[in-house]
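Line by line, the protein sequences give chains A and B. When we follow our numbering, the leftmost residue of the first sequence carries the number 15, and every step to the right adds one. When we follow our numbering, the leftmost residue of the second sequence carries the number 15, and every step to the right adds one. For reference, the structure is listed below as structure tokens.
Number of protein chains: 2
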Amino acid sequence: MNLYAVIMAGGSGTRFWPASRQKRPKQLLSLTGQRSLLQQTVDRLAPLVPPERVLVVTGRAHAEQVGEQLPELPPANILAEPMGRNTAAACGLAAAWVARRDPGAVCLVLPADHLITDESLFISTLERAAHLAAAQEVLVTLGLTPRFPATGFGYIETGEVADPAPPAVSRVAAFHEKPDLATAQAYLDGGKHLWNSGMFAWRAERLLAELERHLPELASGLAELAPALGAPDQEAALERIYPGLPSISVDHGVLEKCSHLLVVKADFGWSDVGSWEAMGELWELDSHRNANQNGRDKLHPVDSQGNLVSAGDRLVALLGVENLVAVVTDDVLLIAPRSRCQEVGRLLEELKVKGREEYL
Amino acid sequence: MNLYAVIMAGGSGTRFWPASRQKRPKQLLSLTGQRSLLQQTVDRLAPLVPPERVLVVTGRAHAEQVGEQLPELPPANILAEPMGRNTAAACGLAAAWVARRDPGAVCLVLPADHLITDESLFISTLERAAHLAAAQEVLVTLGLTPRFPATGFGYIETGEVADPAPPAVSRVAAFHEKPDLATAQAYLDGGKHLWNSGMFAWRAERLLAELERHLPELASGLAELAPALGAPDQEAALERIYPGLPSISVDHGVLEKCSHLLVVKADFGWSDVGSWEAMGELWELDSHRNANQNGRDKLHPVDSQGNLVSAGDRLVALLGVENLVAVVTDDVLLIAPRSRCQEVGRLLEELKVKGREEYL
Numbered sequence: 015m016n017l018y019a020v021i022m023a024g025g026s027g028t029r030f031w032p033a034s035r036q037k038r039p040k041q042l043l044s045l046t047g048q049r050s051l052l053q054q055t056v057d058r059l060a061p062l063v064p065p066e067r068v069l070v071v072t073g074r075a076h077a078e079q080v081g082e083q084l085p086e087l088p089p090a091n092i093l094a095e096p097m098g099r100n101t102a103a104a105c106g107l108a109a110a111w112v113a114r115r116d117p118g119a120v121c122l123v124l125p126a127d128h129l130i131t132d133e134s135l136f137i138s139t140l141e142r143a144a145h146l147a148a149a150q151e152v153l154v155t156l157g158l159t160p161r162f163p164a165t166g167f168g169y170i171e172t173g174e175v176a177d178p179a180p181p182a183v184s185r186v187a188a189f190h191e192k193p194d195l196a197t198a199q200a201y202l203d204g205g206k207h208l209w210n211s212g213m214f215a216w217r218a219e220r221l222l223a224e225l226e227r228h229l230p231e232l233a234s235g236l237a238e239l240a241p242a243l244g245a246p247d248q249e250a251a252l253e254r255i256y257p258g259l260p261s262i263s264v265d266h267g268v269l270e271k272c273s274h275l276l277v278v279k280a281d282f283g284w285s286d287v288g289s290w291e292a293m294g295e296l297w298e299l300d301s302h303r304n305a306n307q308n309g310r311d312k313l314h315p316v317d318s319q320g321n322l323v324s325a326g327d328r329l330v331a332l333l334g335v336e337n338l339v340a341v342v343t344d345d346v347l348l349i350a351p352r353s354r355c356q357e358v359g360r361l362l363e364e365l366k367v368k369g370r371e372e373y374l
Numbered sequence: 015m016n017l018y019a020v021i022m023a024g025g026s027g028t029r030f031w032p033a034s035r036q037k038r039p040k041q042l043l044s045l046t047g048q049r050s051l052l053q054q055t056v057d058r059l060a061p062l063v064p065p066e067r068v069l070v071v072t073g074r075a076h077a078e079q080v081g082e083q084l085p086e087l088p089p090a091n092i093l094a095e096p097m098g099r100n101t102a103a104a105c106g107l108a109a110a111w112v113a114r115r116d117p118g119a120v121c122l123v124l125p126a127d128h129l130i131t132d133e134s135l136f137i138s139t140l141e142r143a144a145h146l147a148a149a150q151e152v153l154v155t156l157g158l159t160p161r162f163p164a165t166g167f168g169y170i171e172t173g174e175v176a177d178p179a180p181p182a183v184s185r186v187a188a189f190h191e192k193p194d195l196a197t198a199q200a201y202l203d204g205g206k207h208l209w210n211s212g213m214f215a216w217r218a219e220r221l222l223a224e225l226e227r228h229l230p231e232l233a234s235g236l237a238e239l240a241p242a243l244g245a246p247d248q249e250a251a252l253e254r255i256y257p258g259l260p261s262i263s264v265d266h267g268v269l270e271k272c273s274h275l276l277v278v279k280a281d282f283g284w285s286d287v288g289s290w291e292a293m294g295e296l297w298e299l300d301s302h303r304n305a306n307q308n309g310r311d312k313l314h315p316v317d318s319q320g321n322l323v324s325a326g327d328r329l330v331a332l333l334g335v336e337n338l339v340a341v342v343t344d345d346v347l348l349i350a351p352r353s354r355c356q357e358v359g360r361l362l363e364e365l366k367v368k369g370r371e372e373y374l
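Written as structure tokens, this is what we have:
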């Protein structure tokens with residue numbers, strides 16, 4: 015089995031503003047340690063997939079930075095979308111690229127902006143998913159064991175167990191949109207629902223066949239594009255064809271309609287690093303739950319609890335404050351309560367209205 | 015009458031930390047506008063005292079920066095104390111320097127780190143004080159009309175009115191230490207008490223005579239020092255004699271013991287700029303009482319009230335926070351509630367204990 019990793023690095027998230035910007039999205043940031051989330055994603059795949067078979071799908075505006083962050087990748091392995099057309103198109107583009115180079119190869123599709131704490135379990139879980147995808151005419155999705163009644167994720171309802179040996183494999187009974195809190199709690203209590211991770215395994219040709227069946231317009235666009243992939247006219251072909259592709263998620267467009275679907279239960283200490291608030295679980299905390307991204311040596315709290323601060327190399331002096339997020343960049347200072355840091359989008363909307371594009 | 019301004023720039027206040035440091039005390043900071051408090055002090059004296067007759071008494075560690083900030087002053091006009099010996103010694107040193115150069119001259123003694131909003135009234139009040147000091151054998155102090163029951167200042171109790179025409183002149187009935195709140199309120203209600211401003215007018219020789227009477231040890235040290243003032247051995251003489259001078263304030267050591275004392279009532283919009291909290295009256299506020307030192311153009315609050323921020327040229331983005339002070343410098347981020355920003359001294363004590371001298 016030839017295994018490829020397809021890293022989805024198309025996001026332009028605003029929830030880590032002001033560290034993340036239109037020109038420097040979350041996946042390119044170093045939020046824990048020195049390496050960016052994208053670099054960490056490639057690093058942790060090393061036992062399974064060498065850089066020559068790692069593919070990154072990203073926006074054109076970010077392709078250059080992706081290349082700089084990943085000098086070990088062949089430049090051709092960075093696929094730059096002229097514009098975002100959602101995940102069905104991105105997965106299809108990558109599958110077409112892989113199928114053309116290596117018919118029969120398996121793709122592992124992974125987001126670029128997540129963190130994983132148990133890397134060896136991560137690798138063995140991916141191996142299992144890849145073997146299933148190689149051996150059967152199925153699409154495989156990874157479902158994360160819920161740790162709390164999250165309302166911010168979609169859920170996968172597991173059906174008949176195909177193999178109970180961990181990581182357990184089941185058929186997929188249904189997909190569910192982001193639930194309200196009561197429903198999420200019921201999912202958690204019931205033990206049958208997993209978080210939809212956005213991680214998949216499939217043979218490239220299997221996905222293309224499913225696209226042909228469920229999204230024929232996308233499939234025909236990709237077929238038109240295929241001869242140019244890896245060729246000198248690739249960029250021109252993308253420019254011409256990509257904007258016309260239907261924009262739909264691979265979940266809605268394919269997985270929810272596909273009957274040959276398995277889910278592998280994943281338990282490898284995952285975080286989607288959804289906002290500054292999430293850093294409370296990822297940065298080193300002092301005894302009063304304060305954290306400085308740059309380390310406790312530069313954290314100096316007095317009568318202060320639960321604050322999360324990113325301030326570069328500065329000393330962080332806190333006096334009598336609680337549960338704040340504060341971020342200092344070269345050109346912005348942000349302060350908000352932890353409970354509201356998911357609302358930074360509101361700030362950005364208003365900055366846009368004011369014409370302050372330089373801060374977006 | 016030859017008039018000299020003696021600017022007392024010896025402070026090493028910590029209350030504007032982290033902007034103020036041991037090496038960069040408050041009077042050298044630009045807290046409003048581009049000019050430092052010291053520069054503004056010299057600027058506003060221009061109608062009354064030319065730079066050749068402005069004298070600055072400062073600590074040796076700050077003399078170079080004082081010179082850089084005030085290139086219009088003759089270098090000899092910057093008197094560097096080898097160590098702080100409180101205000102009686104500093105006033106005495108300046109008086110000895112002035113008396114040697116210009117017997118009979120009047121000194122206006124002014125702190126370097128205050129702000130004044132009504133500059134023309136400031137000048138006319140100083141003129142009045144200077145004329146009184148020139149014409150009579152008195153020491154003159156300026157008393158500020160209290161605006162609120164301040165517990166952080168000493169008070170001057172006015173006695174017999176010598177001249178009711180504004181700025182009114184009275185005899186001094188008594189000096190009072192910093193009061194408790196009830197006493198401060200009684201002072202405010204009674205209308206007879208003024209804030210002790212630390213601004214004085216006296217003939218240099220008059221002060222020296224009072225020092226001889228009330229602080230003979232200080233007077234004899236100054237007499238020993240006098241021949242060296244303005245001479246090449248000035249620094250060596252200061253080094254030898256200054257550390258042995260008694261350390262006492264001019265208020266305790268002289269004014270409280272002196273019977274020939276007048277107070278001029280001052281109403282010129284004064285602020286001692288005591289801490290970041292004071293900037294709420296000095297920086298431009300938005301409609302929700304938020305202020306950015308660098309101006310409203312770079313202030314972007316959402317659901318936020320009463321915050322005071324100094325963050326250099328950065329955009330200040332506030333989301334759902336109230337009554338905070340935040341200060342960003344090259345090497346420190348400070349966040350505290352406005353109500354506690356007078357406690358930054360606690361932070362500094364702990365930093366000292368931790369051996370983090372670089373932040374003091």
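All C-beta atoms in this analysis are idealised placements derived from N, C-alpha and C, irrespective of residue type, glycine included. The model shown is predicted, which means the values in this text are computed figures rather than measured ones.
Item checked: D57 of chain B - containing alpha helix (DSSP H), residue span -> Translated into the one-based positions of the second sequence, residue 57 of chain B becomes position 43. Run containing D57 of chain B: 51 to 59, per the alpha helix (DSSP H) assignment.
Notebook entry, point to check: Along the region 290 to 316 of chain A, what residues have a CB closer than 7 Å to any CB found in chain B?
Noted result: H314, V316
Next item on the list: Tell me whether I21 of chain B sits in a helix, a strand or coil according to DSSP, three-state version.
Entry: Your numbering for residue 21 of chain B matches position 7 in the second sequence. Taken through DSSP and simplified to helix, strand or coil, I21 of chain B comes out as strand.
Check: Name the chain B residues that come within less than 7 Å of G334 of chain A, Cβ to Cβ?
Finding: Translated into the one-based positions of the first sequence, residue 334 of chain A becomes position 320. Within 7 Å Cβ-Cβ: A350, P351, R354.
Margin query: Going by the DSSP bridge assignment, what does T172 of chain B pair with across the sheet?
Written below: The residue given as residue 172 of chain B occupies position 158 in the second sequence. Its beta-bridge partners are B:V186.
Check: F214 of chain B lies in the beta strand (DSSP E); which residues open and close that run?
Finding: The residue labelled residue 214 of chain B in the question sits at position 200 within the second sequence. Per DSSP, F214 of chain B belongs to the beta strand (DSSP E) from 207 to 217.
Next item on the list: Could you tell me whether the Cβ of A144 of chain A comes closer than 9 Å to any Cβ of chain B?
Entry: Counted from its first residue, the first sequence places residue 144 of chain A at position 130. Answer no: the Cβ-Cβ gap between A144 of chain A and chain B never drops below 9 Å.
Next item on the list: Give the range of the beta strand (DSSP E) segment to which A94 of chain A is assigned.
Entry: On the first sequence, position 80 is the one that residue 94 of chain A refers to. First-last of the beta strand (DSSP E) with A94 of chain A: 92 to 95.
Next item on the list: Classify F162 of chain B as buried or exposed, calling it buried when 16 or more other Cβ atoms lie within 10 Å of its own Cβ.
Entry: As a position in the second sequence, residue 162 of chain B is number 148, starting the count at 1. Exposed: under 16 other Cβ atoms inside 10 Å.
Note to self: Rounding to the nearest angstrom, what Cα-Cα distance links R303 of chain B and E174 of chain B in this structure?
What the structure shows: As a working mapping, residue 303 of chain B is identified with position 289 in the second sequence. As a working mapping, residue 174 of chain B is identified with position 160 in the second sequence. So the alpha carbons of these two residues sit roughly 42 Å apart.
Notebook entry, point to check: Distance, Cα to Cα, T46 of chain A vs L243 of chain A?
Noted result: Position 32 of the first sequence, counted from the start, is the residue given in the question as residue 46 of chain A. Position 229 of the first sequence, counted from the start, is the residue given in the question as residue 243 of chain A. Roughly 35 Å between the two C-alpha positions.
Notebook entry, point to check: Should A60 of chain A be flagged as near chain B, meaning a C-beta pair shorter than 9 Å?
Noted result: Within the first sequence, residue 60 of chain A is the residue found at index 46, counting from 1. Chain B, which has no Cβ nearer than 9 Å to the Cβ of A60 of chain A, makes this no.
Next item on the list: Just the chain B side, please: which residues come within less than 7 Å of R328 of chain A by C-beta, in chain order?
Entry: Position 314 of the first sequence, counted from the start, is the residue given in the question as residue 328 of chain A. Chain B residues near R328 of chain A: D345, V346, L347.
Check: Looking only at its own chain, which residues have a Cβ that is under 7 Å from the Cβ of K366 of chain B, when we skip the five neighbours before and after it?
Finding: Reading the second sequence from its first residue, position 352 is the one you call residue 366 of chain B. Answer for K366 of chain B: L374, listed in chain order.
Next item on the list: Report the residue ranges of all alpha helix (DSSP H) runs contained in full by the region 120 to 161 of chain B; include only those spanning at least 4 residues, in chain order.
Entry: 133 to 149
Checklist line | Where Q83 of chain A falls, given that 16 or more other Cβ within 10 Å makes a residue buried | finding: Locating residue 83 of chain A in the first sequence gives position 69, counting from the first residue. Buried.
Margin query: Please state the DSSP three-state secondary structure of L239 of chain B.
Written below: Counted from its first residue, the second sequence places residue 239 of chain B at position 225. If DSSP states are grouped into helix, strand and coil, L239 of chain B belongs with the helices.
Item checked: Through-space distance from S318 of chain A to R293 of chain A, alpha-carbon basis -> Locating residue 293 of chain A in the first sequence gives position 279, counting from the first residue. Locating residue 318 of chain A in the first sequence gives position 304, counting from the first residue. Residue 293 of chain A is actually Met in this sequence, not Arg. Cα-Cα distance, rounded: 17 Å.
Check: Going by the beta-carbon positions, is the gap between D265 of chain B and F189 of chain B smaller than 9 Å?
Finding: If you number the second sequence from 1, residue 265 of chain B lands on position 251. If you number the second sequence from 1, residue 189 of chain B lands on position 175. Yes, these two residues count as a Cβ contact at 9 Å.
Next item on the list: Thinking L43 of chain A and L51 of chain A are a contact (beta carbons under 8 Å), I'd like their distance in whole angstroms, please.
Entry: In the first sequence, the residue the question calls residue 43 of chain A occupies position 29. In the first sequence, the residue the question calls residue 51 of chain A occupies position 37. Rounded, the Cβ-Cβ distance is 7 Å, consistent with contact.
Next item on the list: Below 8 Å on the Cβ atoms is my guess for A104 of chain B versus V71 of chain B; work out the distance and round it to an integer in Å.
Entry: Working through the second sequence from its first residue, we reach residue 104 of chain B at position 90. Working through the second sequence from its first residue, we reach residue 71 of chain B at position 57. The pair is a contact, with the Cβ atoms about 5 Å apart (cut-off 8 Å).
Next item on the list: Give the single residue among A:G288, A:R310, A:L299 whose Cα lies nearest to the Cα of R354 of chain A.
Entry: The count along the first sequence starts at 1 and reaches residue 354 of chain A at position 340. Looking only at A:G288, A:R310, A:L299, the smallest Cα-Cα distance to R354 of chain A is reached by A:G288.
Checklist line | Selection from A:G235, A:G258, A:G212 that minimises the alpha carbon distance to V20 of chain A | finding: As a working mapping, residue 20 of chain A is identified with position 6 in the first sequence. Checking every option, the nearest Cα to that of V20 of chain A belongs to A:G212.
Next item on the list: Mind checking which residues open and close the alpha helix (DSSP H) that includes L252 of chain B?
Entry: Within the second sequence, the letter at position 238 stands for residue 252 of chain B. Annotation for L252 of chain B: the continuous alpha helix (DSSP H) segment containing it runs 248 to 255.
Item checked: Proximal chain A residues relative to V323 of chain B, where beta-carbon distance stays under 9 Å -> Position 309 of the second sequence, counted from the start, is the residue given in the question as residue 323 of chain B. Going along chain A in sequence order, the residues near V323 of chain B (Cβ under 9 Å) are L347, I349.
Next item on the list: Below 8 Å on the Cβ atoms is my guess for D281 of chain A versus L135 of chain A; work out the distance and round it to an integer in Å.
Entry: The residue you call residue 281 of chain A lines up with position 267 of the first sequence. The residue you call residue 135 of chain A lines up with position 121 of the first sequence. D281 of chain A to L135 of chain A, Cβ: 7 Å. Contact.
Note to self: Rounded to whole angstroms, what is the Cα-Cα separation between E66 of chain A and G106 of chain A?
What the structure shows: By one-based count along the first sequence, residue 66 of chain A stands at place 52. By one-based count along the first sequence, residue 106 of chain A stands at place 92. Spanning the two alpha carbons is a distance of roughly 19 Å.
Next item on the list: Compute the distance between the beta-carbons of L329 of chain A and K312 of chain A, then report whether it is under 9 Å.
Entry: Taking the first sequence and counting its residues from 1, one reaches residue 329 of chain A at position 315. Taking the first sequence and counting its residues from 1, one reaches residue 312 of chain A at position 298. Going by C-beta atoms, L329 of chain A is nearer than 9 Å to K312 of chain A.
Notebook entry, point to check: Which of helix, strand or coil does DSSP assign to R352 of chain B?
Noted result: For the purposes of this step, residue 352 of chain B is taken as the residue at position 338 of the second sequence. Note: R352 of chain B maps to helix in three-state DSSP.
Item checked: P180 of chain A to V186 of chain A span [Cα, whole Å] -> Here residue 180 of chain A is taken as the residue at index 166 of the first sequence, counted from 1. Here residue 186 of chain A is taken as the residue at index 172 of the first sequence, counted from 1. Cα to Cα, the separation comes out at about 17 Å.
Check: Is the shortest distance between the beta-carbon of R38 of chain B and the beta-carbons of chain A less than 9 Å?
Finding: As a first step, residue 38 of chain B is located in the second sequence; it is residue number 24 there, counting from the start. Not closer than 9 Å to any Cβ of chain A, the Cβ of R38 of chain B fails to qualify, so no.
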